[in-house]
Amino acid sequence: RVLFRSNVYRDRSGALWIGTDGDGIFHISRGTVTHLTTRNGLSNNFTRAMVQDKDGSMWVAADEGISHILPGGAHPRIVSYQMRDGLAYFSTRILLEDRRGDLWIGTDRGLSHMHAGAFLSDPATAAVEQMKVWAIHEDSDSGLWFGTRNNGLFRFRDGKLAHFSVQDGLAGKAI
-9 RVLFRSNVYR DRSGALWIGT DGDGIFHISR GTVTHLTTRN GLSNNFTRAM
41 VQDKDGSMWV AADEGISHIL PGGAHPRIVS YQMRDGLAYF STRILLEDRR
91 GDLWIGTDRG LSHMHAGAFL SDPATAAVEQ MKVWAIHEDS DSGLWFGTRN
141 NGLFRFRDGK LAHFSVQDGL AGKAI
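Under my numbering, think of the first position of the sequence shown as -9, with each following residue one higher.
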């Protein structure tokens, strides 16, 4: 019995990526089903979010880090990243690839920012360190918005960070 999570992703080719609650990912493309798990290199079999990279590869957020699935037909190459590689925390929640091609990863203890395969520190990652970052959005001005579980909303643009809370009119602290 496979328990499916609420994360289903349709990539640009029309293929489906289905994340499960303990049984990895199913990739359905042109009538072929590929099942990927930790045996194939996924960081964990409990998936939480997915996003397609501009190059067509896939990023997967899971309970033990993130995995980058590189094209390869029935045998894709998978590279996984964990805390030892610079990820803020092992329990990941949300992914976003911004317009520049950088990957932003929300975790249960902070935010990670990956550029060209390396994790970076910046004002955004420092400001939400140890916070539960469960929502990320890029607006039309290339501003990045980070919703936290208990500390309101943050906007990062041009190297500057703004914080919005109930004192600024938010209905609550959880975004």
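Ideal Cβ positions, reconstructed from N, Cα and C, are used throughout, including at glycine.
None of the values given here were measured: they were computed from a predicted structure.
Hey, could you find the ends of the beta strand (DSSP E) residue i is sitting in?
i	result
A114	Note, A114: premise wrong, no beta strand (DSSP E); alpha helix (DSSP H) at P113 to A117.
G100	G100 to H105
Are the CB atoms of residue j and residue i within a distance shorter than 8 Å?
i	j	result
S102	A78	yes
A117	L151	yes
When DSSP labels each residue in this structure, what does residue i get in the three-state scheme?
i	result
Q157	helix
M40	strand
I48	Before going further, note that residue 48 is Met rather than Ile in the sequence given. Three-state result, M48: strand.
R29	helix
D11	strand
Who are the near neighbours of residue i in its chain, counting only those whose CB is closer than 7 Å to its CB and skipping five residues on each side?
i	result
L160	G142, L143 and F154
R0	L6
From this set, the options, which residue's C-alpha is nearest residue i's C-alpha?
i	options	result
L93	A5, R0, S47 and N30	S47
A164	H25, R29, D148 and M121	M121
T97	V50, A106 and V69	V50
D53	K44, A39 and G62	A39
In its own chain, which residues sit with a C-beta less than 8 Å from the C-beta of residue i, not counting the 5 before and 5 after it?
i	result
L134	L86, D88, W94, A114, I126, H127, E128, R145, F146 and R147
G149	D112 and P113
G14	H25, L26, T27, T28, N30, L32, N35 and T37
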